[in-house]
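Asks: Those protein sequence lines, which keep their order, are chains A and B. Read in our numbering, the first sequence has 350 at position 350, and its numbers run on one by one without any break. With the second sequence counted from 1, adding 1000 to any position gets you our numbering. Questions regarding the structure given below will be posed in turn.
There are 2 protein chains.
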Amino acid sequence: MKNNYYGVILAGGSGTRLWPISRELYPKQLLKLFGDKTLIQKTFLRIKKIIPAEKIYIITNKNFSEDINLQLRGLGFIRENMIIEPAQKNTAPAIALASNIIFQKDKSAITLFCPVDHIINPDTEFMKSVKTAFVEAKKNFLLFFGIIPDYPCQEYGYIKKEDINVKKEAYKVEKFIEKPLIEEAKKLISEKCLWNSGIFVWKNKVILEEIKKNLPKVYKSIESKNLESYHLIEPISIDKGVLEYSKKIKVIPVKFKWQDIGSWKSLYKLLPKNSMGNVLNENVIDFNCKNCLIYGTQKRIVGAIGLENLIVVDTEDAVLVSHYDQVHNVKSVFEKIKLKNLQQYLVHPTIERPWGSFTVIDQGLNFKVKKIIVKPKQKLSLQFHYKRSEHWVVLKGKAKVELDGKIFELGPHQSIDIPAYSKHRLENPGKEDLEIIEIQAGDYLGEDDIVRIDDIYDR
Amino acid sequence: MKNNYYGVILAGGSGTRLWPISRELYPKQLLKLFGDKTLIQKTFLRIKKIIPAEKIYIITNKNFSEDINLQLRGLGFIRENMIIEPAQKNTAPAIALASNIIFQKDKSAITLFCPVDHIINPDTEFMKSVKTAFVEAKKNFLLFFGIIPDYPCQEYGYIKKEDINVKKEAYKVEKFIEKPLIEEAKKLISEKCLWNSGIFVWKNKVILEEIKKNLPKVYKSIESKNLESYHLIEPISIDKGVLEYSKKIKVIPVKFKWQDIGSWKSLYKLLPKNSMGNVLNENVIDFNCKNCLIYGTQKRIVGAIGLENLIVVDTEDAVLVSHYDQVHNVKSVFEKIKLKNLQQYLVHPTIERPWGSFTVIDQGLNFKVKKIIVKPKQKLSLQFHYKRSEHWVVLKGKAKVELDGKIFELGPHQSIDIPAYSKHRLENPGKEDLEIIEIQAGDYLGEDDIVRIDDIYDR
């Protein structure tokens, strides 16, 4: 591949529509919805097939960047290629920001932009389309991938292309139609319109010129690197802000299967169903249900009886039960929970870390109890806390504890006290998971009271 | 009140139909379904208005007896009046057993038998009916209370009485009709039939004679006090086994409101609803739901969207989602969970004790983690374990620990090790709840590895 091809993954969305498995600080891109890889991992690996890892960038916000880095560090992602948006402003400002950063390094750059909330299959067809787009992009066109609709969806944008009776790789665009009513959607399909996939390819130089022309405030903010002015930008999508006015756009009809996974409804459509039309995972005990998506979680049970067209999603600390046709209202439920300032909108009780995970088991005034799992051969950072002391009890496995320069080896049922200000580090020198109970005591027990002195994960 | 009146509460039923809030070892009689008293507490207090506590007996099985005693000990119940059924054999053997025990003490005894799974209101009307029954029982009749039906229910037994056009306190019975079809139920109501409430009053001498005549094997087993023969009895109800054949039965139409709470369906009917017909408790966030019973639990959230005629019951470790019309199938779900030997059929993670409660937070091979709450001024038994050692860390409050004769006082974040075989006792000498984390280690961690040396609750 030539040297001036770049990839940018747009990973800033918060995805409240998949609550309760997505949370404000743990959006869908970080979730394993299919198989053993998360959405961001799948997207990164797909792009890596056609663009080298050192030229793949991710644009996201500061809340997700550490988790994204954690998920991609083993796959070749270069930490320096993480672009942090100063604020969430929809796709146009994010694309402008990423385009400019790459453009400053390589004036000839041609960049592929991909969202993370889609399933694409097979990757080989995706690669073919990208190659076609690269060719067209060299001619200064702004390309995007058009999906052949398989039903008259009312939630997508449609693109009417020119010369529909001529077979080409890329078509000029006649017009954009945003979220049509059902009758119009049917008509659009009969007119061979395409869905807008949100996947784009263009020269950075060309898109930046178009942004400068159509969204001068956005361009100015990006060019001047003025953080404050970025915060003042009105959120706007690249489609509405730029592409709908541009004469340079072309659409490439693609052959890969493309499915949006923005909602429980689209997930239900995607997942394999049993003979009764149900998607059931383990820990669901059902009786006489049909056309349901029922998602359970380890250690808990869902009993489901006589249900039809229902979405049930059970997690460690919250359960959603919704009629299939009304599940878009999960946003309202999410907002109500946020308003009440309950933890359930923000995070999961179990938090993944590079060395393992921890679960907040109990908390009250001046104490917090955590179960900590450290994977074999992993260690936490060397750290201390200003405001809290900790008491560790080993449940399972071996612990190596460094405490103010001394080393202690602990086995099951042995415990140690970690006073405030003490420099300490927990390590699993064994071959099986180390499980400990940590009991924190102090006036302030926030996760931000941590001073890392040394960290093998460069945090 | 005269001296030969007795009460017996029939509290042996396991109530799987209210899963997941009822469990095999924690049946509905132990639950607070309405207000601040459990069903057994309400039943005991109602009977105590007319019969002195020392003459009120409870018949149940060994699994529930400790919890029942715990709930009634503060209300005047005499521990010695707890009758343990050797096995669950439906009402006839239980009534025979209790009747005989009381008869052996008082040959003139007249006894009121009450199940626990009903709501009765007002108690004053109940008391009037009991007094009427006592008068009739002296004349050697077998009385039961008949409820005036308010809808053609197919799940109850109906009683056709004689002389329907004559106003009396008690009527002779023409026939029994068990669980009629809907059309027959309507006809029975038009014929002024009554529902069989399962509440009975009779001389012990008379019922024992009838049992001897109609169920000779049951009578023999009771009279001989032969435990083994009790196990061999075929389960049978007092209605089917005795009353349907007896010439001595009379029904008393009652004026109190009577409602069965044997199922989620009957609970929904009973509970106060909002303007949308929903019964919602705290921790439920709903959107556009109607005619639903949605029951949440502390620390968790239920999000409910667009639901209709649905029962949702969320607990610490399991959630039930069922269509209202099919909720009787909860028994099948319960049986499947039991077959899989999952904890969720048997107990709740949180177990109430006379001194407070404990919750199993985590468990694995060779370890178990519990959160223990000890109420002010309460203490656990002086005990030891053969197979496990324990490690206690105080989260909140003050702990007084006796360990092999020595006393230790612990405050928040202090910890102590309790080796196997050590005699130990935990006490809360303070004015607020004591909360501790207990970490158990050992090859065997069953609740039955406990030797109690001294216990203020006489366990």
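Even for Gly, the Cβ is constructed at its ideal location relative to N, Cα and C.
#1: Counting C-beta neighbours from all protein chains within 10 Å, is the total for residue 1440 of chain B 16 or more, i.e. buried, or is it exposed?
#2: Can you name, in chain order, every residue of its own chain whose Cβ lies under 7 Å from the Cβ of residue 253 of chain A, other than the five neighbours on each side?
#3: Checking the sheet assignment: what are the DSSP bridge partners for residue 1153 of chain B?
#4: Below 8 Å on the Cβ atoms is my guess for residue 303 of chain A versus residue 1333 of chain B; work out the distance and round it to an integer in Å.
#5: Whose C-alpha, out of B/1406, B/1379, B/1436, B/1421, is nearest the C-alpha of residue 1429 of chain B?
#6: Applying a beta-carbon distance threshold of less than 7 Å, which residues of chain A neighbour residue 1366 of chain B?
#7: What residue does the beta strand (DSSP E) around residue 424 of chain A start on, and which one ends it?
#8: So within the segment 1361-1425 of chain B, which uninterrupted beta strand (DSSP E) runs reach at least 3 residues, ignoring any that extend past its ends?
#9: Can you give, in chain order, each stretch of the beta strand (DSSP E) that sits fully within the segment 247-279 of chain A and has at least 3 residues?
#10: At a Cβ cut of 7 Å, what residues of the segment 1326-1340 of chain B count as close to chain A, listed as they run along the chain?
#11: Since residue 1144 of chain B and residue 1197 of chain B are thought to touch, with beta carbons under 8 Å apart, how far apart are those beta carbons, to the nearest angstrom?
#12: Does DSSP put residue 74 of chain A in a helix, a strand or coil?
#13: List the residues of chain A that residue 1358 of chain B touches, going by C-beta distances under 9 Å, in chain order.
#14: Since residue 298 of chain A meets chain B, which of its residues come closer than 9 Å, beta carbon to beta carbon?
#15: Let me know if residue 1001 of chain B comes out buried or exposed under the rule of 16 or more other beta-carbons within 10 Å of its beta-carbon.
#16: Just to confirm the assignment: which complete beta strand (DSSP E) runs, minimum length 3, are found wholly within the segment 144-220 of chain A?
#17: Return the first residue and the last residue of the alpha helix (DSSP H) that residue 440 of chain A is part of.
#18: The beta strand (DSSP E) spanning residue 1304 of chain B covers which residue range?
#19: When you compare the CB positions of residue 1384 of chain B and residue 1371 of chain B, do they come within less than 8 Å of one another, or not?
#20: Using beta carbons (cut-off 8 Å, strictly below), is residue 288 of chain A in contact with chain B?
#21: Could you check where the alpha helix (DSSP H) with residue 1241 of chain B kicks off and where it finishes?
#22: Checking contacts by CB at 8 Å: is residue 1215 of chain B closer than that to chain A?
#23: Does the beta carbon of residue 1401 of chain B sit closer than 8 Å to a beta carbon anywhere in chain A?
#24: Quick check on the burial criterion: 16 or more other C-beta atoms within 10 angstroms. Buried or exposed for residue 391 of chain A?
#25: So which residues of chain A does residue 1305 of chain B contact, with C-beta pairs closer than 7 Å?
#26: Can you confirm whether the segment 1179-1186 of chain B touches the segment 1149-1168 of chain B when touching is taken to mean that 3 or more C-beta pairs between the two stretches lie within less than 8 Å?
#27: Compare the C-beta of residue 348 of chain A with all C-beta atoms of chain B and state if any pair is closer than 8 Å.
#28: Check the Cβ-Cβ distances between residue 1361 of chain B and every residue of chain A, and say whether any is below 8 Å.
#29: If you draw a straight line from the C-alpha of residue 1203 of chain B to the C-alpha of residue 1130 of chain B, how long is it?
#30: Leaving out five residues before and five after residue 1162 of chain B in sequence, what residues of the same chain have Cβ atoms less than 8 Å from its Cβ?
#31: Could you have a look at residue 1111 of chain B and say whether DSSP puts it in helix, strand or coil?
#32: Could you give the DSSP three-state label for residue 1347 of chain B: helix, strand or coil?
#33: Consider the Cβ of residue 1137 of chain B: report whether some Cβ of chain A lies at a distance smaller than 8 Å.
#34: For residue 1134 of chain B versus residue 1324 of chain B, is the C-beta spacing smaller than 8 Å?
#35: Spatial neighbours of residue 1229 of chain B within its chain, please: C-beta separation below 8 Å, excluding the five flanking residues on both sides.
#36: For residue 232 of chain A, name the three-state secondary structure that DSSP assigns.
Replies: With the structure as the only source:
#1: Here residue 1440 of chain B is taken as the residue at index 440 of the second sequence, counted from 1. Result: buried.
#2: Here residue 253 of chain A refers to the residue found at position 253 when the first sequence is read from its first residue. Around residue 253 of chain A: 146, 148, 194.
#3: By one-based count along the second sequence, residue 1153 of chain B stands at place 153. None, per the DSSP bridge assignment.
#4: Within the first sequence, numbered from 1, the residue matching residue 303 of chain A stands at position 303. Within the second sequence, numbered from 1, the residue matching residue 1333 of chain B stands at position 333. Right, their Cβ atoms sit about 4 Å apart.
#5: In the second sequence, the residue the question calls residue 1429 of chain B occupies position 429. Among B/1406, B/1379, B/1436, B/1421, the Cα nearest to that of residue 1429 of chain B is on B/1379.
#6: Start at 1 with the first residue of the second sequence, and residue 1366 of chain B comes out as number 366. In chain order: 412.
#7: Here residue 424 of chain A is taken as the residue at index 424 of the first sequence, counted from 1. Start and end: 424-427.
#8: Complete beta strand (DSSP E) runs here, min 3: 1367-1374, 1382-1384, 1388-1396, 1399-1403, 1406-1410, 1415-1418.
#9: 249-253, 257-260
#10: 1326, 1327, 1329, 1330, 1332, 1333, 1336, 1337
#11: Here residue 1144 of chain B is taken as the residue at index 144 of the second sequence, counted from 1. Here residue 1197 of chain B is taken as the residue at index 197 of the second sequence, counted from 1. Rounded, the Cβ-Cβ distance is 7 Å, consistent with contact.
#12: Your numbering for residue 74 of chain A matches position 74 in the first sequence. Residue 74 of chain A: helix per DSSP, three-state reduction.
#13: For the purposes of this step, residue 1358 of chain B is identified with residue 358 of the second sequence, where counting begins at 1. Going along chain A, no residue has its Cβ under 9 Å from residue 1358 of chain B, so there is no contact; the nearest lies around 12 Å.
#14: Translated into the one-based positions of the first sequence, residue 298 of chain A becomes position 298. What residue 298 of chain A touches in chain B: nothing, since even the nearest Cβ is about 11 Å away.
#15: The count along the second sequence starts at 1 and reaches residue 1001 of chain B at position 1. Low confidence applies to residue 1001 of chain B: its pLDDT is 46, below 50, so where it sits in the model is not reliable, and the reading given next is rough at best. By the 10 Å Cβ count, residue 1001 of chain B comes out exposed.
#16: 157-161, 171-178, 194-203
#17: Counting from 1 along the first sequence, the entry for residue 440 of chain A is found at position 440. Not the alpha helix (DSSP H): residue 440 of chain A falls in the beta strand (DSSP E), residues 434-442.
#18: One-based indexing of the second sequence puts residue 1304 of chain B at position 304. 1301-1305 is the extent of the beta strand (DSSP E) around residue 1304 of chain B.
#19: To locate residue 1384 of chain B, count along the second sequence from 1; it is residue 384. To locate residue 1371 of chain B, count along the second sequence from 1; it is residue 371. No, these two residues do not count as a Cβ contact at 8 Å.
#20: Position 288 of the first sequence, counted from the start, is the residue given in the question as residue 288 of chain A. Taking Cβ atoms only, chain B reaches closer than 8 Å to residue 288 of chain A, which makes this a yes.
#21: Translated into positions along the second sequence, residue 1241 of chain B becomes position 241. Counting along the chain, the alpha helix (DSSP H) containing residue 1241 of chain B begins and ends at 1238-1241.
#22: One-based indexing of the second sequence puts residue 1215 of chain B at position 215. Answer no: the Cβ-Cβ gap between residue 1215 of chain B and chain A never drops below 8 Å.
#23: Within the second sequence, numbered from 1, the residue matching residue 1401 of chain B stands at position 401. By this cut-off, residue 1401 of chain B is not an interface position.
#24: Counted from its first residue, the first sequence places residue 391 of chain A at position 391. Under this definition residue 391 of chain A is a buried residue.
#25: Taking the first residue of the second sequence as position 1, residue 1305 of chain B is located at position 305. Result: 322, 323, 326, 327, 329, 330, 333.
#26: yes
#27: By 1-based counting over the first sequence, the position of residue 348 of chain A is 348. No, residue 348 of chain A does not count as interfacial toward chain B.
#28: For the purposes of this step, residue 1361 of chain B is taken as residue 361 along the second sequence, with counting starting at 1. Contact of residue 1361 of chain B with chain A is assigned, a C-beta pair being separated by under 8 Å.
#29: The residue you call residue 1203 of chain B lines up with position 203 of the second sequence. The residue you call residue 1130 of chain B lines up with position 130 of the second sequence. Near 13 Å, if we compare the C-alpha coordinates of residue 1130 of chain B and residue 1203 of chain B.
#30: Counted from its first residue, the second sequence places residue 1162 of chain B at position 162. Within the same chain, 1171, 1172, 1173, 1174 come within 8 Å of residue 1162 of chain B by CB-CB distance, once the 5 residues on both sides are set aside.
#31: Here residue 1111 of chain B refers to the residue found at position 111 when the second sequence is read from its first residue. Assigned with DSSP and collapsed to three states, residue 1111 of chain B falls in strand.
#32: As a first step, residue 1347 of chain B is located in the second sequence; it is residue number 347 there, counting from the start. Of the three classes helix, strand and coil, the one that applies to residue 1347 of chain B here is coil, per DSSP.
#33: The sequence position of residue 1137 of chain B within the second sequence is 137, counting from 1. With 8 Å as the cut-off, residue 1137 of chain B does not count as an interface residue toward chain A.
#34: If you number the second sequence from 1, residue 1134 of chain B lands on position 134. If you number the second sequence from 1, residue 1324 of chain B lands on position 324. With contacts defined by Cβ atoms closer than 8 Å, residue 1134 of chain B and residue 1324 of chain B do not form a contacting pair.
#35: Counting from one through the second sequence, the residue named residue 1229 of chain B turns up at place 229. So the list reads 1217, 1220, 1221, once near-sequence residues are dropped.
#36: Within the first sequence, residue 232 of chain A is the residue found at index 232, counting from 1. Note: residue 232 of chain A maps to helix in three-state DSSP.
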